[in-house]
Amino acid sequence: MVINYSRDFDVKCQLDTCKTYPVITDSERGEIFCGGCGLVLVQNMADTSYESNGYTQEEYMRLTRTGPATSLTMHDKGLSTVIGTNKDSAGNSLPNKTKYEFNRLRTWDQRSKSRKTSALSKAFTLLHGMKTKLGIPDNVVENAAYIYRKTVNAKLTRGRTMGSLVSAALYAACRENNIPRTLDDIACAGNVERRILSRDLRTIIKKLGLNLNQYDTASFISKISNNMNLREKTKRDAFDILKKCEDKGITAGKHPVAQAAASLYIACILNGEKISQKKFSNESGVSDVTIRNRAVLIKKTLKIVDKEN
Ligand SMILES: [Zn+2]
297 MVINYSRDFD
307 VKCQLDTCKT
317 YPVITDSERG
327 EIFCGGCGLV
337 LVQNMADTSY
347 ESNGYTQEEY
357 MRLTRTGPAT
367 SLTMHDKGLS
377 TVIGTNKDSA
387 GNSLPNKTKY
397 EFNRLRTWDQ
407 RSKSRKTSAL
417 SKAFTLLHGM
427 KTKLGIPDNV
437 VENAAYIYRK
447 TVNAKLTRGR
457 TMGSLVSAAL
467 YAACRENNIP
477 RTLDDIACAG
487 NVERRILSRD
497 LRTIIKKLGL
507 NLNQYDTASF
517 ISKISNNMNL
527 REKTKRDAFD
537 ILKKCEDKGI
547 TAGKHPVAQA
557 AASLYIACIL
567 NGEKISQKKF
577 SNESGVSDVT
587 IRNRAVLIKK
597 TLKIVDKEN
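When the count follows the working numbering, it moves up by one through the sequence shown with no breaks and lands on 605 for the last residue.
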């Protein structure tokens, strides 16, 4: 069956022999079809190509064909129905009978919105709040909204709170896009318990078959050092230490945030910046014992001798 275009779902050919073939998008015809057998899976796609943008405001308004781009972070993707005021196009009031008809239309428009829609709109309000608190880019939020929509479609909402599911979707999106945010950051911004968040995250990863890559430790070094206002030289040295650790093979399977914090801690000592392990622990959310153990291992492996020890 050919379905009309919707960004809600991943489409895939159902034939076993086509599993390995990608789907091909033909934006000219507005179709998505199977790369194996050529079956048309989706038709009447929205045209997502650029608007022809003129050089002046006037020109832009003249050439433009549509409104703003659709966004998954709005419950109706920004395509809401607006039934305007009681004025006609010339600005005169409508006759009473027509006014009444429009009021009825508005009422039915309201009532026809399903409960799912209102739940989505609440979830995305929360997502926007978290986006602001954590300073997360738009494309990642869009990705989070996509993951959240998939969890709703997979009926994973039962028995879980909306807050923790939204948080889990956001964390997964951050991991996919390598935006360094820890589970604690997100649990705090979403006002959910860390334990619940990591439980729901595991469920999402398993049920949706997400494939999240490990965080890049270097991005955490930048994040922590920026937050603590460390010197550029210290940061560079921390990158150096990390690089050497990777060469020695002692970073594999280790917590990236702890590794970043320990590298920075050692770089601080080497550069004479006096900052306690406790402070690093507060900033990175990793316990000071972990940082200490990590730092000892790094020093031993790289044969770094400092004055304190
Ligand atoms: Zn096929």
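Think of the CB as a built atom: it goes at the ideal place given N, C-alpha and C, for glycine as much as any other residue. If you're wondering where the values come from, they're calculated on a predicted model, not measured in any experiment.
Problem set entry | Cross-strand partners of Cys330 (DSSP beta bridge) | Val319
Exercise. Ordered along the chain, which non-local residues of its own chain (more than five positions away) have a Cβ less than 7 Å from that of Val307?
Worked result: Val319, Ile328, Leu337 and Val338
For this session: Specify, as a first and last residue, the run of the alpha helix (DSSP H) that Val462 falls within.
Result: Met458 to Glu472
Exercise. Should Gly545 be counted as a contact of ligand 1 given a C-beta to heavy atom distance under 7 Å?
Worked result: no
Exercise. Skipping 5 residues on each side, what residues in its chain have a beta carbon closer than 6 Å to that of Ser385?
Worked result: none
Exercise. Just the Cα atoms here: how many angstroms apart are Thr369 and Met426?
Worked result: 13 Å
Exercise. Taking just the CA atoms, how far does Gly387 sit from Arg491?
Worked result: 58 Å
Problem set entry | Distance CB(Asn439)-CB(Glu472) smaller than 8 Å | yes
Problem set entry | Assigned exposure category for Arg400 - 16 Cβ within 10 Å defines buried | exposed
Problem set entry | Neighbourhood of Gly581 by C-beta, 6 Å cutoff - its chain only, sequence neighbours within 5 removed | Thr478 and Asp480
Exercise. Going by the C-beta, is Val486 closer than 7 Å to any heavy atom of ligand 1?
Worked result: The question names Val, but residue 486 is Gly in the sequence shown. For ligand 1, not one heavy atom lies less than 7 Å from the Cβ of Gly486.
Exercise. Residue ranges of each alpha helix (DSSP H) run of no fewer than 4 residues wholly in the stretch 521-545, ordered along the chain?
Worked result: 528-544
Problem set entry | Pro391 versus Lys383: straight-line alpha-carbon distance, rounded | 9 Å
Exercise. What's the gap between the Cα of Ile562 and the Cα of Lys575?
Worked result: 13 Å
Exercise. Given that a residue counts as buried once 16 or more other Cβ atoms are within 10 Å of its Cβ, and exposed if not, what is Gly459?
Worked result: buried
Exercise. Once you ignore the five residues that flank Ser389 on each side, which residues in its own chain have a CB closer than 7 Å to its CB?
Worked result: Asn382 and Lys383
Exercise. Would a C-beta distance cut-off of 8 Å place Leu430 and Ile500 closer than the cut-off?
Worked result: no
Exercise. Just to confirm, does Leu416 get its C-beta within under 7 Å of one of the non-hydrogen atoms of ligand 1?
Worked result: no
Exercise. From Lys529 to Thr428, what does the alpha carbon distance come to, in whole angstroms?
Worked result: 31 Å
For this session: Give me the Cα-Cα distance between Gln310 and Ala557, rounded to the nearest whole angstrom.
Result: 47 Å
Exercise. Going along the chain, which unbroken runs of the alpha helix (DSSP H) with 4 or more residues stay wholly within the stretch 572-604?
Worked result: 573-580 and 584-598
For this session: In angstroms with no decimal places, state the Cα-to-Cα distance between Arg608 and Ile565.
Result: Examination of residue 608 is not possible in this model, given that the chain is present from 297 through 605 alone.
Exercise. Got a sec, what are the start and stop residues for the alpha helix (DSSP H) Gln339 sits in?
Worked result: Note, Gln339: premise wrong, no alpha helix (DSSP H); beta strand (DSSP E) at Val336 to Gln339.
Problem set entry | Contact test: Leu466 Cβ vs ligand 1 heavy atom, cutoff 7 Å | no
Exercise. How would you label Val462, buried or exposed, when you count the other beta carbons within 10 angstroms and need 16 or more for buried?
Worked result: buried
Problem set entry | Gln573 and Arg590 closer than 8 Å at C-beta | no
Exercise. Which whole-angstrom value is the C-beta distance of Ile520 and Glu579, which I expect to be below 8 Å?
Worked result: 6 Å
Exercise. For Asn525, which option in Lys570, Ala554, Lys540 and Lys502 has the closest C-alpha, if you only look at C-alpha atoms?
Worked result: Lys570
For this session: Can you give me the Cβ contacts of Asp584 inside the same chain, cut-off strictly under 6 Å, excluding the 5 residues immediately before and after it?
Result: Gln573, Lys574 and Ser577
Problem set entry | Nearest neighbour of Ser410, chosen from His424, Asp372 and Asp543 [CA to CA] | Asp372
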